[in-house]
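A.B. asks: Before anything else, here's the structure in question.
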Amino acid sequence: MNLELKQVRNTLLVRVKGEMDMLVTEKMRREIDKKLDTKQITNLVLNLEKVTFVDSSGLGVIIGRYKKISGLGGRMYIVGASASVRKILMFSGINKLISMYNNEQDIISI
Amino acid sequence: MNMRNYVRFEFPSLAENVSFARSCVGAFAAQMDCTLEEIEEIKLVVSEAVSNSIIHGYENQPYGKIVVMATLLDERIMEIIIEDQGVGIADINKAMEPSFSSNPDRMGLGFTFMKSFMDELEVESEPGAGTRIKLKRCFLVKDKEALA
Numbered sequence: 092m093n094l095e096l097k098q099v100r101n102t103l104l105v106r107v108k109g110e111m112d113m114l115v116t117e118k119m120r121r122e123i124d125k126k127l128d129t130k131q132i133t134n135l136v137l138n139l140e141k142v143t144f145v146d147s148s149g150l151g152v153i154i155g156r157y158k159k160i161s162g163l164g165g166r167m168y169i170v171g172a173s174a175s176v177r178k179i180l181m182f183s184g185i186n187k188l189i190s191m192y193n194n195e196q197d198i199i200s201i
Numbered sequence: 156m157n158m159r160n161y162v163r164f165e166f167p168s169l170a171e172n173v174s175f176a177r178s179c180v181g182a183f184a185a186q187m188d189c190t191l192e193e194i195e196e197i198k199l200v201v202s203e204a205v206s207n208s209i210i211h212g213y214e215n216q217p218y219g220k221i222v223v224m225a226t227l228l229d230e231r232i233m234e235i236i237i238e239d240q241g242v243g244i245a246d247i248n249k250a251m252e253p254s255f256s257s258n259p260d261r262m263g264l265g266f267t268f269m270k271s272f273m274d275e276l277e278v279e280s281e282p283g284a285g286t287r288i289k290l291k292r293c294f295l296v297k298d299k300e301a302l303a
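For the protein sequence lines, the chains are A and B, in the order given. First residue of the first sequence? That's 92 in this note's numbering, and the numbers climb one at a time after it. First residue of the second sequence? That's 156 in this note's numbering, and the numbers climb one at a time after it.
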């Protein structure tokens with residue numbers, strides 16, 4: 092898994108590449124939380140365009156970051172999830188908590 | 156038992172092996188007449204069961220043994236067994252409840268995925284005696300000639 096974090100003003104953009112299972116969740120949690128803990132972030136955008144697999148460990152990291160950013164009064168968005176990843180996100184009900192968009196431009200234009 | 160083909164492998168309880176285990180069973184399943192979506196579901200449930208063994212069975216200790224066996228019982232039915240010799244589950248019914256997790260950063264959906272994407276799920280476990288998960292999945296016959 093490869094993680095790219097980019098801060099644009101008060102938005103943290105996280106682009107994930109690869110498979111999201113228990114091997115990588117700790118690293119994701121640590122790196123994203125380090126940024127969120129600076130308290131300058133109010134929006135978290137998780138780009139899953141290049142994610143090929145997600146299981147409940149991966150979902151746990153997503154829901155954990157949602158709880159954290161919500162606790163800070165911020166919002167979270169998911170963009171670019173493939174059909175198979177989207178199916179798992181919808182099955183878990185995460186889509187009811189976190190808005191999902193096709194690409195990063197869709198959020199910027201909101 | 157009319158056993159057509161099987162694969163059996165074991166590995167230590169390392170997070171690096173979760174991906175290997177699901178890819179291996181997914182590749183094995185590909186010899187059946189099933190869709191890519193069905194293979195993705197097989198990979199997901201193997202990932203959940205193996206992750207459970209590592210996280211809960213062996214409490215993230217890397218020295219536990221996990222055995223995975225996948226069997227094609229016939230052209231349409233696949234059985235997958237995942238075994239560990241870990242701490243076991245004290246209350247299986249509670250562990251299988253959706254959103255039950257001992258960790259707040261986890262969703263507790265592992266067993267829910269296994270129940271939803273497989274046709275049969277059996278859990279045998281005892282505290283101190285490990286856990287054995289048996290999953291069975293029937294695939295629809297997609298070949299029209301086979302239906303004739």
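All C-beta atoms in this analysis are idealised placements derived from N, C-alpha and C, irrespective of residue type, glycine included.
Near Asp-197 (chain A), which residues of its chain fall below 8 Å by C-beta distance, leaving aside the five closest residues on each side in sequence?
C.D. replies: Val-170
A.B. asks: Quick check: the region 180-197 of chain A against the region 151-159 of chain A, are at least 3 beta-carbon pairs closer than 8 Å?
C.D. replies: yes
A.B. asks: Assuming Ile-232 (chain B) and Lys-289 (chain B) form a contact by the criterion Cβ under 8 Å, report the distance between their Cβ atoms to the nearest whole angstrom.
C.D. replies: Contact doesn't hold; Cβ gap of about 13 Å is too wide.
A.B. asks: Taking the Cβ atom as the reference point for each residue, do Lys-249 (chain B) and Pro-167 (chain B) lie within a distance shorter than 8 Å?
C.D. replies: no
A.B. asks: Taking the alpha helix (DSSP H) that Val-205 (chain B) belongs to, which residues open and close that run?
C.D. replies: 191-207
A.B. asks: Taking 6 Å as the limit between beta carbons, can you name the residues of its chain near Leu-264 (chain B), skipping five residues before and five after?
C.D. replies: none
A.B. asks: Rounded to a whole number of angstroms, what is the C-alpha to C-alpha distance between Ala-163 (chain B) and Val-201 (chain B)?
C.D. replies: Rather than Ala, the amino acid found at residue 163 (chain B) in this sequence is Arg. Roughly 13 Å between the two C-alpha positions.
A.B. asks: What does Glu-110 (chain A) reach in chain B if we use C-beta pairs closer than 8 Å?
C.D. replies: Ser-174
A.B. asks: Quick check: the region 181-190 of chain B against the region 276-283 of chain B, are at least 3 beta-carbon pairs closer than 8 Å?
C.D. replies: no
A.B. asks: With which residues is Leu-264 (chain B) paired in a DSSP beta bridge?
C.D. replies: Answer is none; Leu-264 (chain B) lacks a bridge partner.
A.B. asks: Can you pull the chain B neighbours of Met-113 (chain A), defined as C-beta to C-beta under 8 Å?
C.D. replies: Ala-170, Val-173, Ser-206, Ile-209, Ile-210
A.B. asks: Among the candidates A:Met-181, A:Gly-164, A:Leu-137, A:Met-113, whose CA atom is the shortest distance from the CA of Gln-98 (chain A)?
C.D. replies: A:Leu-137
A.B. asks: Strictly below 7 Å CB to CB, what residues from chain A border Gly-265 (chain B)?
C.D. replies: Ser-147
A.B. asks: Locate the beta strand (DSSP E) running through Ala-225 (chain B), then write down its first and last residues.
C.D. replies: Here the beta strand (DSSP E) through Ala-225 (chain B) covers 220-227.
A.B. asks: When we look at the beta-carbon of Gly-149 (chain A) and count the other beta-carbons within 10 Å, is it buried (16 or more) or exposed?
C.D. replies: buried
A.B. asks: Could you pull out every residue in the same chain whose Cβ sits closer than 7 Å to the Cβ of Gly-243 (chain B), ignoring the five residues on either side in sequence?
C.D. replies: Ser-280, Glu-281, Pro-282, Gly-283, Ala-284, Gly-285, Thr-286
A.B. asks: So, at 8 Å on beta carbons, what are the nonlocal neighbours of Thr-102 (chain A) in its own chain, with the 5 sequence-adjacent residues on each side left out?
C.D. replies: Ile-132, Thr-133, Asn-134, Leu-135, Val-136
A.B. asks: Mind checking whether Gly-151 (chain A) and Thr-116 (chain A) have CB atoms under 8 Å apart?
C.D. replies: yes
A.B. asks: Taking DSSP as the reference, what is the three-state secondary structure of Tyr-161 (chain B)?
C.D. replies: Strand, per DSSP.
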